[in-house]
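Order-wise, the sequence lines are chains A and B. Using the numbering used here, the first residue of the first sequence is number 4, and each one after it goes up by one. Using the numbering used here, the first residue of the second sequence is number 4, and each one after it goes up by one.
2 protein chains.
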Amino acid sequence: MSATTRNQTSIEVDTAVPTVTITREFDAPVALVFRAYTEPDLFQQWIGPRNRTFELQEFDCRTGGSYRYVHTSDGNEFGFHGSFHEVRPNELIVQTFTFEGFPDQVALEKLVLEDLGNGRTRLTATSLVDSFADRDAFVASGMETGVVEGYERLDEVLARL
Amino acid sequence: MSATTRNQTSIEVDTAVPTVTITREFDAPVALVFRAYTEPDLFQQWIGPRNRTFELQEFDCRTGGSYRYVHTSDGNEFGFHGSFHEVRPNELIVQTFTFEGFPDQVALEKLVLEDLGNGRTRLTATSLVDSFADRDAFVASGMETGVVEGYERLDEVLARL
């Protein structure tokens, strides 16, 4: 079984609460996955779909810190920003997230890392919003491509560490 | 009609999503209510129930800032912390909130201020969590006393400004 077929990305919505949950395993220890999420020079190498680069204008990944990154395409700027509510090393990142195209929509994101042993890690990322319509629109917006490709790029970053 | 009967605090839960929404009007213009929420020396004068003081260990109320405050009672410390995701002057504050007694529970809070004219303001504060059980436990925990008394203290702070 190749790493690609073994480490499938799962994206699931909840029926009771307006969340979407992404689950993904990685052939890398928890400490490296945590570094790839929290160190700006590593995060920038994998976030988002292929053939797109994000400029990290701010990236202070600690409890109480904040971030903003921007993608520029055909002269249009697409900005994203949020705050790091809690960063617990090798375990948990809770942050807020807004795509500035919809400045009043805020997601609360919870990233949990689990040590699977044998140098493998399971990541569970849950996004909570305040309406099912917004949640469903987000899932239907093509987020899957960016998520799946981003994690493939993250595989590549982790293989180099 | 006295200010007390006119400015009732309403606390309502939603059936579709795990939110609780507090609505309250104030006999003060939006700009003063915003100041009382964002300036640490004012905020400290009214937050929480009567006969209780909170020490603001950190209070950087701007987009990307964070806060922590602590109440000490009988030698026990009760801490609260969070991040300010967005602070839009006289209009909106979006922040996270955790009572450190339950460190894995995080609420996403949205405070909206509306100018009612004649120097009056309506405040709508919505807290979103990821489970109905946690939302209902929060409402049942006696939060109403702290909220109602806090807003009465806020009335008093606003009257002095």
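We treat Cβ as the ideally placed atom computed from N, Cα and C, and that holds for glycine.
The stretch 9-29 of chain A in contact with the stretch 121-132 of chain A per 3-pair CB rule at 8 Å: Three or more Cβ pairs drawn from the stretch 9-29 of chain A and the stretch 121-132 of chain A lie within less than 8 Å of each other, which places the two stretches in contact.
P21 of chain A at chain B interface by Cβ criterion, 8 Å: For P21 of chain A, the answer is yes, since a Cβ of chain B falls inside 8 Å of its Cβ.
CB contact below 8 Å: F83 of chain A versus chain B: Answer no: the Cβ-Cβ gap between F83 of chain A and chain B never drops below 8 Å.
Exposure of F37 of chain B, with buried meaning 16 or more beta-carbon neighbours within 10 Å: With a threshold of 16 other beta carbon atoms within 10 Å, F37 of chain B meets it and is buried.
Assigned secondary structure, D133 of chain A (DSSP; H/G/I helix, E/B strand, else coil): It is coil, neither helix nor strand.
Proximity of Y70 of chain B and H88 of chain B at Cβ, strictly below 8 Å: In this structure, H88 of chain B does not lie closer than 8 Å to Y70 of chain B by Cβ.
Residue nearest to F57 of chain B in terms of C-alpha spacing, selected from B:T75, B:T127, B:R65: Of the listed residues, the one whose Cα sits closest to F57 of chain B is B:T75.
CA-to-CA distance, E94 of chain B to L119 of chain A, given in whole angstroms: Roughly 46 Å separates the two Cα atoms.
Option nearest E103 of chain A by Cα separation, candidates A:G82, A:K113, A:N121: When the alpha-carbon of E103 of chain A is set against those of A:G82, A:K113, A:N121, the nearest one is in A:G82.
Proximity test, Cβ basis, 8 Å: S69 of chain B and chain A: Answer yes: the Cβ-Cβ gap between S69 of chain B and chain A drops below 8 Å somewhere.
Cut-off 6 Å between Cβ atoms - residues of its own chain near R27 of chain B, not counting five sequence neighbours on either side: Answer for R27 of chain B: T12, L126, Y154, listed in chain order.
Residue closest to E147 of chain A, alpha-carbon to alpha-carbon, out of A:I96, A:A136, A:P52, A:C64: Check the Cα spacing between E147 of chain A and each of A:I96, A:A136, A:P52, A:C64: the tightest is with A:P52.
CA-to-CA distance, L111 of chain A to V142 of chain A, given in whole angstroms: About 15 Å.
Chain A contact residues for H74 of chain B, given Cβ-Cβ distances below 7 Å: Neighbourhood of H74 of chain B in chain A, by CB distance below 7 Å: empty, with the nearest CB roughly 19 Å away.
Run of the alpha helix (DSSP H) containing Q48 of chain B, from where it starts to where it stops: Counting along the chain, the alpha helix (DSSP H) containing Q48 of chain B begins and ends at 43-49.
Cβ-based burial, Q98 of chain B [other Cβ within 10 Å; buried from 16]: With 16 or more Cβ atoms within 10 Å of its Cβ, Q98 of chain B is classed as buried.
Interface partners of V3 of chain A on chain B, CB under 8 Å: Nothing can be reported for residue 3 of chain A, as the shown portion of chain A is limited to 4 through 164.
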